[in-house]
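From first to last, the protein sequence lines are chains A and B. If you use the working numbering, the first sequence corresponds to residues 1 to 422, in order. If you use the working numbering, the second sequence corresponds to residues 423 to 678, in order. Glycine included, each C-beta is placed from N, C-alpha and C at the ideal position. The structure under discussion appears below in the form of structure tokens.
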Amino acid sequence: MPEPLSPKAQQRLDEIRVAAEAAIDKPAALGPDVDITRFRTVSEQQKIESLESLQKQVKETVIHSGFMADETDRSASYFQMDRTPIYERVQKAFDDAIEITSTEDALRLWPEEMIEKYWWRAVMPDKDKYTALVALHQTEGYFIRVKAGRKVEKPIQACLFVSESNVSQNVHNIIIVEDGAEANVITGCNVHVDVKEGLHAGISEFYVGKGAKLTFTMVHNWAADFSVRPRTGVVVDDDGIYINNYVLLTPVKSIQAFPVAKLVGARSTAVFNSIVYGLKDSYIDLGSESQLIGEGSRSEAVARTVSMDQSTVYSRGRLIGRTNDCKAHLDCRGIVQSPESTQWAIPDLASEGAPGAELSHEAAISPIAAEEIYYLMTRGLPKDEAISMITRGFVNIDIPGLPDVLRKQIDKAIEETSKEAM
Amino acid sequence: MASEKPAPLLQIEDLHVSVGDREILRGVDLTIGEGETHVLLGPNGGGKSTLLNTIVGMPGYRITQGRVVFKGVDLAGLEIDERARLGIGIAFQRPPAVRGVKLRQMIDVAANGTLDDEAMAALDEDLSLGHMLERDVNMGFSGGEAKRSEMAQLLAQMPDLALFDEPESGVDLDNIAVVGGAMNALLKGEERIAERTRAGLIITHTGHILEYVNADVAHVLYSGRLACKGNPLDLIEEISSHGYEACVGCKLCQSL
């Protein structure tokens, strides 16, 4: 029998439930509204002993988001199929450095600590109907903790997989990188090739300790009829560094996400890098917010967007300075490659009572300059190769911790799309 | 034509070129043989860059009359990259910055993938490229860096005809020496003319670059025509003391 919760913890859980119930019909501030009542929650699946026993088709799908069934180059893995964490393993060498489990198990194992420090502390349950949906009908999610002082270079991988149509996967993820620790987490969200419609609501709460560093890379690999509503909150302590890499290279019905980094610690840093391809009739509304609260905090957001076909892409970035000694920059560039595509670049800066805050942005939407193409051609490169080299350069932002397989995937997408644009 | 005399590398005949509605070149005749280095002088707006851009094949430079023949091939209808692969190279005066494309990649492209590590290291050393190799090409390059970068790309390409648009403009003396050295290496200016094969056409205002590069002949492009030609250093001296108008009007040139 588990011990009963302390009154304080029980009260907190009740508050979360009440807040979520009140918000279950509350539309999000951004993005098209999704009727969440249309979907049933995802089903239970069988646990597996080894990632190698995954279906061949599943393995081939998840590799596109950097998830390797062969774990040689990974320190730990989490694989969730629909609502079941079918595989959780830490490689031997990292046994005492990493804890990886489902969030519901984490809540069972350390209820008081989880509720007091991490459970719905970086994301509010009543933010909108999607946070409320996860708070009330959670279907697991991963919990990753890297112990104080442990610098884990090999990536930790997590995959959230949906194998059925007309379901909603409502995951709640928590990553804790304790003081002085470092981690590189690669997460892929994927759907089975046969899956059509569905909803993925994902809450992610990340806590970066003093002098700690978290590099978080997310690759989305959705189906064309999938709606995706991630809600992410990150809290960074003194001298902590959070790096967020986001890559979207496949069509999606609609995605709307706006992760928020609270730089509460002195000299804390947040970096957001994103590469987004708008394909088919995808509706994509992505951005990030950095709240510069701690003295000496810094932030940078770099976004590269290429939109094709009938896609609509919003690229947002918000910097809020709340301390005198803070500095942040947004760099957001887009290329529209189809007359039926629409792109918005929306930089948003605010200094809230911080006369010394230095906030800046560069936002541009423009085609590749003809003179740049001609320049490459004078060195003997045919026009199509010149265009693809420049496009590759355009999205080839310096992304730390990006696995080779993803770099190749991005290159391949660029080759294909720049050919189409000829 | 005598049978022992080889066909010229570049032959420009009665070339008329318009940009938009404006006719810039109005009947240019120019022949450059293998191993020859020519200098192009003339006032701003006289059509020097237009001539180079037309040879390279930049869009927007419309040939309304005449032709440009390179290695016996009429260049009309050939794309920029086809001309480059045929053996025409250019060092731009103000090359565009290309975000995300590194100088190292440009050098690889120019060499068509034939440059080994050793050759790259030699280029790096000769032109003091250093960290420039990993920077976006021309992005925030100083005047001297941009010229060295252009020379590195030309040396990787080793074109049979190299065009230089004001290689000394915006460059300090140290850099002129480096750029001049590279031009010399490309054109093999120190060897006897009979052994040279690569040819050059250099636009210069000041002639400073000729302290490093041996040129055979200079032309003055004035009001869209080649108005006179002569010994490069003599012509430059004449122009700097008396101006272009006097030079173009002088009897010596008229008799050519």
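Open item on the list: Just to make sure I have the definition right: I need the residues of chain D whose C-beta is within less than 7 Å of the C-beta of B:Gln-575. Which are they?
Closed with: Among the protein chains in the structure shown, which are A and B, there is no chain D.
TODO: Pull up the CB-CB distance for A:Asp-347 and A:Cys-332, whole angstroms please, since I reckon it's below 8 Å.
DONE: Rather than Asp, the amino acid found at residue 347 of chain A in this sequence is Pro. Sure, about 6 Å apart at Cβ, within 8 Å.
TODO: Determine the chain A residues that contact B:Ala-668 at a beta-carbon separation under 8 Å, and present them in chain order.
DONE: Against chain A, the beta carbon of B:Ala-668 has no neighbour under 8 Å; the closest one sits roughly 36 Å away.
Task: Backbone CA spacing between A:Leu-330 and B:Ser-663 [nearest angstrom] - done: Across the structure, A:Leu-330 and B:Ser-663 are spaced so that their CA atoms are roughly 54 Å apart.
Task: Chain-ordered chain A contacts of B:Val-531 [CB-CB under 8 Å] - done: Within 8 Å Cβ-Cβ: Leu-376, Arg-379, Gly-380, Leu-381, Met-389.
- [ ] Between the Cα of B:Asn-653 and those of B:Gly-665, B:Asn-636, B:Asp-496, B:Arg-647, spot the shortest distance and give me the residue it belongs to.
- [x] Minimum Cα-Cα distance from B:Asn-653 among the listed residues B:Gly-665, B:Asn-636, B:Asp-496, B:Arg-647 corresponds to B:Asn-636.
Task: N-terminal and C-terminal residue of the alpha helix (DSSP H) that B:Glu-662 is part of - done: Residue 662 of chain B is actually Ser in this sequence, not Glu. Bounds of the alpha helix (DSSP H) holding B:Ser-662 are 654–671.
Open item on the list: Taking the straight line between their C-alpha atoms, what separation do you get for A:Pro-125 and A:Ala-9?
Closed with: 16 Å
Task: Residues of its chain near A:Met-377, where Cβ-Cβ distance is below 8 Å and the 5 sequence neighbours each way are ignored - done: Answer for A:Met-377: Lys-383, Ala-386, listed in chain order.
- [ ] Give every residue of the same chain whose Cβ lies closer than 6 Å to the Cβ of A:Tyr-78, excluding the five residues on either side of it in the sequence, and list them in chain order.
- [x] Here the set comprises Glu-88, Ile-100, Tyr-142, Ala-158.
Task: Three-state secondary structure (DSSP) of B:Ser-677 - done: Residue placement at B:Ser-677 is poorly supported in this model, since its pLDDT is 44, which falls under 50; the coordinates are not used for a value here.
Open item on the list: Am I right that A:Asp-82 and A:Val-34 are in contact with their C-beta atoms under 8 Å? What's the rounded C-beta distance?
Closed with: 19 Å between Cβ atoms; not a contact.
Open item on the list: For a contact defined as C-beta to C-beta under 8 Å, what are the partners of A:Gly-334 on chain B?
Closed with: Near A:Gly-334 there are no residues of chain B at all, since even the closest Cβ is about 13 Å away, more than 8 Å.
Task: For B:Thr-626 and B:Met-423, the rounded distance between their alpha carbons - done: Unreliable positioning characterises B:Met-423 in this predicted model, as indicated by a pLDDT of 46, which lies under 50. A coordinate reading is not provided.
Open item on the list: Checking the sheet assignment: what are the DSSP bridge partners for A:Asp-285?
Closed with: A:Gln-256, A:Tyr-314
- [ ] Inspect the CB distances between the segment 66–73 of chain A and the segment 103–116 of chain A and report whether three or more fall short of 8 Å.
- [x] By the criterion of at least three beta-carbon pairs nearer than 8 Å, the segment 66–73 of chain A is not in contact with the segment 103–116 of chain A.
Open item on the list: So the candidates are A:Val-171, A:Trp-120, A:Phe-67; which of them puts its Cα closest to the Cα of A:Thr-84?
Closed with: Among A:Val-171, A:Trp-120, A:Phe-67, the Cα nearest to that of A:Thr-84 belongs to A:Val-171.
TODO: Name, going along the chain, the residues of the segment 535–567 of chain B whose beta-carbon falls closer than 9 Å to a beta-carbon of chain A.
DONE: Asp-558, Val-559, Asn-560
Open item on the list: Applying the 10 Å Cβ sphere with the 16-neighbour rule, what's the burial state of A:His-200?
Closed with: buried
Task: Cross-strand partners of B:Tyr-483 (DSSP beta bridge) - done: Answer is none; B:Tyr-483 lacks a bridge partner.
TODO: Taking C-beta pairs closer than 8 Å, name the residues in chain B that A:Asn-245 reaches, listed in chain order.
DONE: Neighbours of A:Asn-245 on chain B: none; closest Cβ ~17 Å, over 8 Å.
Task: the segment 562–575 of chain B / the segment 529–548 of chain B touching (three or more Cβ pairs under 8 Å) - done: yes
TODO: Tell me, please, whether the CB atom of B:Ile-477 is closer than 7 Å to any CB atom in chain A?
DONE: no
- [ ] Mind listing the chain B neighbours of A:Phe-394? Cutoff is C-beta to C-beta under 7 Å, in chain order.
- [x] Those are Arg-521, Gly-522, listed as they occur along chain B.
- [ ] Using a Cβ-Cβ cut-off of 7 Å, state whether A:Glu-3 counts as contacting chain B.
- [x] no
Task: B:Ile-502 at chain A interface by Cβ criterion, 7 Å - done: yes
TODO: Please classify A:Arg-83: does DSSP put it in a helix, a strand, or coil?
DONE: coil
Task: Cβ pair A:Leu-263, A:Gly-287 closer than 7 Å - done: For A:Leu-263 and A:Gly-287, no; Cβs fall outside 7 Å.
Open item on the list: Here's the rule I'm using: 16 or more other beta-carbon atoms within 10 Å means buried, otherwise exposed. How should B:Ser-564 be labelled?
Closed with: B:Ser-564 should be labelled exposed.
- [ ] Could you please give me the residues that DSSP links to A:Ala-328 through a beta bridge?
- [x] A:Ser-299, A:Leu-359
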